[in-house]
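Okay, so here's the structure we're looking at.
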Amino acid sequence: MEAIKKVIFRQEVKKLIHIKADSTLQSMINAGEFPQGFRVGLRRRGWYEEDVIAWMKEREQEAHGTAA
Numbered sequence: 254m255e256a257i258k259k260v261i262f263r264q265e266v267k268k269l270i271h272i273k274a275d276s277t278l279q280s281m282i283n284a285g286e287f288p289q290g291f292r293v294g295l296r297r298r299g300w301y302e303e304d305v306i307a308w309m310k311e312r313e314q315e316a317h318g319t320a321a
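Counting in this note's numbering, the sequence shown runs from 254 upward without gaps.
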């Protein structure tokens with residue numbers, strides 16, 4: 254049986270990656286520097302929490318020069 258993935262939304266994403274402005278997150282998405290996420294309804298976007306955490310780990314590895 255497949256585990257259920259936790260979906261998080263913009264406010265939770267910003268808190269997790271330590272940014273405050275919606276515009277900063279949107280700029281990162283537009284520049285391809287952050288996962289696109291997926292649509293949840295007409296105006297809402299969600300991300301799988303595990304994808305955001307994986308993105309954070311990649312940034313940490315890059316900062317420490319240990320990227321694969």
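Note that CB positions come from ideal geometry on N, CA and C, so glycine has one too.
Since the model is a prediction, treat every value here as computed from it, not as a measurement.
- Around I282, the same chain offers Q289 as residues with beta carbons nearer than 7 Å, after the five sequence neighbours per side are excluded.
- When the beta-carbon positions are compared, E302 and I261 come within less than 8 Å of each other.
- The DSSP assignment places 302-316 as complete runs of the alpha helix (DSSP H) inside the region 283-320, in order along the chain (cut-off: 4 residues).
- Residue pairing by DSSP places V260 opposite Y301 in a beta bridge.
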